[in-house]
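Participant: One structure follows; several queries about it will come next.
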Amino acid sequence: MQSPVTPFTDDFSLDLPTFERLLDFHVRTGATAISWPHHKGESLSLTIAERKLLAEAAVRVVNGRIPVTIHVSALAVEDTMELARHAQKIGADGILAITPYFWTPSLPAIEAYFVRLCRAIELPVLSYNSPSYLAGVEITGALMSRLIERLPNFAGVKEASFNSEKFLEISRAALSSRPDFALLTGVEYLLPSIPLGGVGSYSAAGSICPNLCSQLYDACMQGDWPRARELQYKVSWLWLLFRDQYPSSLKGGMVMMGRPVGPTRPPLPTASKQRQSHIRSELERLGIFDSEPHGW
Amino acid sequence: MPVLTPGLVHTPVTPFSHDGGIALEVYGKLLDFHVANGAQSLALPMHIGESVSLTDGERRALLEFAVARLGDRIPVLAHVSESGSAIAAELARHAEKAGAAAMIVTTPYYWTPPATMLIEHFVAIGAATKLPFFIYNAPEEMQGARITADLCRELVAKLPNFAGVVDLSLDWQFMIELMTDAPRVRPGFQLISGTELMVSPAAIGATGMFAPLAAIAPRMVRELYDLCRAEKLFEARPSQEQLAALRQSIKLGGVAALKAAMRVMGRDCGEPRAPVLALEAVSLQRLVSELEAIALLHSEPRGW
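From first to last, the protein sequence lines are chains A and B. Read in order, the letters of the first sequence correspond to residues 6 to 301 in my numbering. Read in order, the letters of the second sequence correspond to residues 320 to 623 in my numbering.
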C-alpha cells in the first residue's frame with residue numbers, strides 16, 4: 006500500500022496538480038491501496054484545512070480504483086475527530102490513527118481515545134503503533150483485544166515496532182479475537198511479518214521503486230523465502246537511505262527518478278544537491294534505474 | 320579458521336543445592352537431558368544459567384565438568400562475558416584450554432561504553448583464542464546496550480574468528496542490515512536467534528536458535544527449529560505462537576520462573592542464587608496455572 010508524499014511548490018505551498026499526478030502514478034504502478042498523509046506525507050506540517058483539501062483530492066483522483074484511507078492523527082485530539090468525520094463525509098474507505106502525541110498517555114487514556122474515535126464514525130479504523138517515535142507509548146496485546154471486543158470497526162494496526170516479540174504479542178492477541186484483523190507493518194518489513202500473520206505493509210520506497218515493492222510482497226505471499234530475502238535486503242537498504250530526515254531524502258530521490266515533488270517543509274531540511282547525488286549513486290549501485298519507471 | 324554451526328542451542332540453568340553450592344550431580348543429569356531432547360549444542364552458563372552469580376572458579380569448574388560430561392556428543396559454547404576486558408579474555412583462554420568449541424560474549428557489564436570502546440573490548444576477548452567468536456546482542460538484558468551492524472562490520476575486519484551474532488534485540492532492521500552485509504564479507508557468518516522467536520530471524524536468514532525454554536518444552540522447541548530450518552515458515556506459526564505464549568509466562572519471573580517451571584515438569588534444579596529471589600507464592604500460583612493452561616506442555620517430557 007502506498008502513502009504518497011505531499012508535493013510542494015518552491016514557496017512551500019501545496020502543489021495540487023503534482024499530488025494528483027503522484028496519486029495516479031501509485032495506482033498505475035501496482036499500489037493495492039492509498040493512505041495519506043502519513044508522517045512521510047508531512048501530516049504534522051500541514052494545516053487542518055490543507056489536509057482536508059488534499060484528502061478530497063485523493064478520494065476524487067483515485068476514484069474507487071483502490072481503497073483510500075486517511076491518516077487523521079493531529080496534535081489536538083479535537084482536530085483528529087474533525088478529520089475523521091471529514092474523511093467519512095468525503096467517501097474515504099477508512100482512517101488511520103496513531104496513539105495521541107506528546108502526552109505519553111496511559112493505557113486507559115489510549116483506550117478511551119480509540120473508543121471515542123471509533124464510535125464517532127462508521128468507517129473501519131486502523132490503529133498505528135509506533136513506540137520508538139512516541140517515547141514508548143504503545144498499544145499492548147491486551148489492549149488490542151479489549152478494543153477489538155468493544156469496537157466492531159477497530160479493523161487493524163499499522164505496526165511500527167519492527168520487533169519479533171512485539172509483533173507476536175499483538176498478532177496473537179488480535180488474530181485470536183478477530184481473524185480478519187489487518188496486521189500491517191509501518192514500512193516494508195514484509196519478510197519477517199508475513200509468516201506471522203501479517204497481510205501487508207505501507208511503503209516507504211514505493212515512489213522510487215514500485216516494482217521492487219510489489220515483487221517483495223508477491224515473493225512473501227508465495228513463501229519464496231530465498232527470493233524474498235534478497236528483495237527484503239534491498240528494500241531495507243533503501244529504507245536506511247531514506248529514513249534520515251524522512252521524507253527529505255525520499256523527495257530528493259524522487260527528483261532522480263524524474264518525479265520531482267518540490268521541497269520539504271521546515272523544520273525538516275530539503276535534500277541538498279550533494280545529498281541527491283549521493284542518493285543517485287546508491288540507486289545506480291542497486292540497479293534501480295534499470296528496473297523501475299522513470300518519470301510519471 | 321575453525322567453523323562451527325551451533326544450530327539448536329540449549330542454554331541450561333545452573334542447579335543449586337540447599338546450601339547454595341552448585342549441584343553438580345543434578346547438572347550432569349540436566350546436561351544429559353538436553354542432549355537426549357534435541358539440543359545440537361549447549362551454551363553455558365548464559366544469563367539464564369546465572370553466569371554473573373558464579374565465582375570465577377565456579378565458572379571454570381562448571382565448564383570443565385560440562386565438557387567432560389558431554390564428551391564428543393555435542394559441542395559446548397562457553398559464555399565468557401565480564402565487565403573487564405582482560406578478565407573476560409582470561410576466561411576465554413580457559414574455555415579454549417578446557418575444550419569449548421566456541422566462545423560467546425555480550426557487552427561489558429555496568430560500563431556504558433561508546434562504540435570504539437566496545438570494539439576494543441570485543442577484540443581483546445576475541446583475539447585471546449582461536450575459537451569461533453559469537454557476540455550476544457541482548458539490549459534487554461544489558462540495560463539497553465546494543466551492538467550495531469556498523470560495529471559488526473568493523474569487527475569482521477578486525478577479528479578473523481568473528482563467526483556470528485546471537486540476537487536478542489529482536490530488532491528486524493538490525494538483523495536485516497547485519498545479514499545484508501556480513502555474510503558477503505565473511506562467508507558463513509551466522510545470525511542466530513537469541514530466543515525461541517525464530518520465525519522472523521529465520522525469514523531474514525538465521526541458521527540457529529538459543530533456547531532457554533528447552534528446559535521445559537524441548538519437543539515444541541525442536542519442532543519450531545526444524546520447521547524454520549526447512550523454511551516452512553507459514554507452517555511454523557502455530558508452534559511459534561505457543562512458544563511466544565510460554566515465553567511471556569516465564570519472562571517476567573526470569574530464571575526464578577524458569578526454575579519453578581522446571582520443578583513443575585519434574586526436573587528440580589533448586590532456586591536461583593542471591594540476589595535473585597525465588598518466586599513468591601502468588602506469582603508461583605499464577606505461573607503454575609498458566610503452565611497448566613498451555614496445552615503443549617502435556618506432550619512434553621516429565622522428569623529426567
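Note that CB positions come from ideal geometry on N, CA and C, so glycine has one too.
#1: How many Å lie between His337(B) and Ala233(A) at the Cα?
#2: Mind checking the stretch 163-189 of chain A against chain B and listing, in chain order, the residues whose C-beta falls within less than 7 Å of any C-beta there?
#3: Quick one, which of Glu560(B), Gly463(B), Lys570(B) has its alpha-carbon nearest Thr425(B)'s?
#4: Mind checking Pro531(B): buried by the 16 CB within 10 Å criterion, or exposed?
#5: Just the C-alpha distance for Ser372(B) and Gly585(B), rounded to the nearest angstrom, thanks.
#6: Buried or exposed: which applies to Arg124(A), given that a residue is buried once 16 or more other Cβ atoms fall within 10 Å of its Cβ?
#7: Can you tell me which of the three DSSP states Ser488(B) falls into?
#8: State yes or no: is the beta carbon of Tyr138(A) nearer than 8 Å to at least one beta carbon in chain B?
#9: Please list, in chain order, all residues of the same chain as Trp623(B) whose beta carbon is under 7 Å from its beta carbon, the five residues on each side excluded.
#10: What does Gly516(B) touch in chain A if you count any residue whose Cβ is under 8 Å from its own?
#11: If the cut is a Cβ gap below 9 Å, which residues of chain A does Thr330(B) touch?
#12: Ser40(A) bridges to which residues according to DSSP?
#13: Note down, in chain order, each residue of its chain lying with its Cβ closer than 8 Å to the Cβ of Leu59(A), except the 5 sequence neighbours on either side.
#14: Going by alpha carbons, who is nearest to Leu616(B) out of Leu562(B), Ala420(B), Ala385(B)?
#15: Tell me which residue opens and which closes the beta strand (DSSP E) that His31(A) is part of.
#16: When the cut-off is 8 Å and only beta carbons count, does Gln509(B) lie next to chain A?
#17: Got a sec: which bits of the stretch 545-557 of chain B sit with their beta carbon under 8 Å from any beta carbon on chain A, in order along the chain?
#18: When you check each C-beta in the stretch 450-466 of chain B against every C-beta of chain A, which residues fall closer than 7 Å?
#19: With 16 as the cutoff for other CB atoms within 10 Å, does Gln7(A) come out buried or exposed?
#20: Check the DSSP bridge columns for Met528(B) and list the partner residues they point to.
#21: Residues of chain B with CB under 9 Å from Tyr207(A), in chain order?
#22: Apply the 10 Å Cβ neighbour rule to Ala549(B) and answer buried if 16 or more other Cβ atoms are within range, or exposed otherwise.
#23: Check each residue of the stretch 200-226 of chain A: if its Cβ is closer than 7 Å to any Cβ of chain B, include it; give the result in chain order.
#24: Where in the stretch 177-239 of chain A do unbroken runs of the beta strand (DSSP E), each at least 3 residues long, occur, reported from the N-terminal end onward?
#25: On the three-pair Cβ rule with 8 Å, is the stretch 385-394 of chain B touching the stretch 599-618 of chain B?
#26: Just to confirm my understanding: we take Gly96(A), look at its own chain, exclude 5 residues before and 5 after, and list those with CB closer than 6 Å. What are they?
#27: Going by the CB atoms, is the gap between Val595(B) and Val574(B) shorter than 8 Å?
#28: Which residues mark the beginning and the end of the alpha helix (DSSP H) in which Glu86(A) is found?
#29: I'd like the ranges of any alpha helix (DSSP H) spanning at least 4 consecutive residues and lying wholly in the stretch 129-165 of chain A.
#30: From the beta carbon of Leu610(B), is the nearest beta carbon of chain A less than 8 Å away?
#31: Per DSSP, what kind of secondary structure is Met422(B) in: helix, strand or coil?
#32: Give me the chain B residues within the contact set of Gln237(A), using Cβ-Cβ distance strictly less than 7 Å, ordered along the chain.
#33: Let's see if you can read the secondary structure: which residues bound the beta strand (DSSP E) around His398(B)?
#34: Looking only at its chain, what residues have a beta carbon closer than 8 Å to the beta carbon of Phe179(A), apart from the 5 residues adjacent to it on each side?
#35: Report the residue from Ala210(A), Tyr106(A), Gly141(A), Val266(A) whose alpha carbon sits nearest the alpha carbon of Val77(A).
#36: Say whether chain E places a C-beta atom closer than 8 Å to the C-beta of Trp108(A).
Facilitator: Per the coordinate set shown:
#1: What you label residue 337(B) is simply residue 18 of the second sequence in a count that begins at 1. What you label residue 233(A) is simply residue 228 of the first sequence in a count that begins at 1. Each residue's Cα considered, the two are about 53 Å apart.
#2: Flagged, chain order: Phe167, Asn168, Ser169, Glu170, Leu173, Arg177.
#3: Position 106 of the second sequence holds residue 425(B). Of the candidates Glu560(B), Gly463(B), Lys570(B), the one whose C-alpha sits nearest the C-alpha of Thr425(B) is Gly463(B).
#4: The residue given as residue 531(B) occupies position 212 in the second sequence. By the 10 Å Cβ count, Pro531(B) comes out buried.
#5: Position 53 of the second sequence, counted from the start, is the residue given in the question as residue 372(B). Position 266 of the second sequence, counted from the start, is the residue given in the question as residue 585(B). Each residue's alpha carbon lies about 24 Å from the other.
#6: Mapped onto the first sequence, residue 124(A) falls at position 119. With fewer than 16 other Cβ atoms within 10 Å, it is exposed.
#7: Stepping through the second sequence from its first residue, residue 488(B) is reached at position 169. DSSP places Ser488(B) in coil when its eight states are reduced to three.
#8: As a working mapping, residue 138(A) is identified with position 133 in the first sequence. Closer than 8 Å: no.
#9: On the second sequence, position 304 is the one that residue 623(B) refers to. Within the same chain, Trp623(B) has close Cβ partners Lys348, Phe352, Arg586.
#10: Position 197 of the second sequence holds residue 516(B). The question names Gly, but residue 516(B) in the sequence shown is Leu. Ser169, Glu170, Leu173, listed in chain order.
#11: Position 11 of the second sequence, counting from 1, holds the residue named residue 330(B). Here the premise fails: no neighbours, minimum Cβ distance about 17 Å.
#12: Taking the first sequence and counting its residues from 1, the one referred to as residue 40(A) is at position 35. In the DSSP output, where bridge partners are listed per residue, Ser40(A) has Thr74(A).
#13: Here residue 59(A) refers to the residue found at position 54 when the first sequence is read from its first residue. Around Leu59(A): Thr11, Leu19, Leu21, Phe24, Trp41, Pro42, Leu51.
#14: Translated into the one-based positions of the second sequence, residue 616(B) becomes position 297. Out of Leu562(B), Ala420(B), Ala385(B), Leu562(B) has the C-alpha closest to the C-alpha of Leu616(B).
#15: Counted from its first residue, the first sequence places residue 31(A) at position 26. That residue, His31(A), is in no beta strand (DSSP E); its alpha helix (DSSP H) goes 21-33.
#16: Here residue 509(B) refers to the residue found at position 190 when the second sequence is read from its first residue. Not flagged as an interface residue toward chain A: Gln509(B), since no C-beta distance is shorter than 8 Å.
#17: Glu550, Leu552, Phe553, Ala555, Arg556
#18: none
#19: Along the first sequence, one-based indexing puts residue 7(A) at 2. With 16 or more other Cβ atoms within 10 Å, it is buried.
#20: The residue given as residue 528(B) occupies position 209 in the second sequence. Answer is Leu327(B), Ser512(B), bridged to Met528(B).
#21: For this step, residue 207(A) is matched to residue 202 along the first sequence. Within 9 Å Cβ-Cβ: nothing; Tyr207(A) doesn't reach chain B, min ~15 Å.
#22: Against the second sequence, residue 549(B) aligns to sequence position 230. Result: exposed.
#23: Pro200, Leu201, Gly202
#24: 187-190
#25: no
#26: For this step, residue 96(A) is matched to residue 91 along the first sequence. Same-chain partners within the cutoff: Val64.
#27: What you label residue 574(B) is simply residue 255 of the second sequence in a count that begins at 1. What you label residue 595(B) is simply residue 276 of the second sequence in a count that begins at 1. Yes, the Cβ-Cβ distance between Val574(B) and Val595(B) is below 8 Å.
#28: To locate residue 86(A), count along the first sequence from 1; it is residue 81. The residue asked about is misnamed: residue 86(A) is Met in this sequence, not Glu. Residues 82-95.
#29: 146-155
#30: Taking the first residue of the second sequence as position 1, residue 610(B) is located at position 291. So, not an interface residue.
#31: To locate residue 422(B), count along the second sequence from 1; it is residue 103. Residue state, collapsed to three classes: strand.
#32: The residue labelled residue 237(A) in the question sits at position 232 within the first sequence. Result: Ile495.
#33: Looking up residue 398(B) in the second sequence gives position 79. Its beta strand (DSSP E) spans residues 395-398.
#34: Along the first sequence, read from residue 1 onward, the residue named residue 179(A) stands at position 174. For the record, residue 179(A) in the displayed sequence is Ala; it is not Phe. Contacts found: Gly146, Met149, Ser150, Ile153, Val162, Phe186, Leu188.
#35: By 1-based counting over the first sequence, the position of residue 77(A) is 72. That would be Tyr106(A), whose Cα lies nearest to the Cα of Val77(A).
#36: Given the protein chain composition of this structure (A and B), no chain E is represented.
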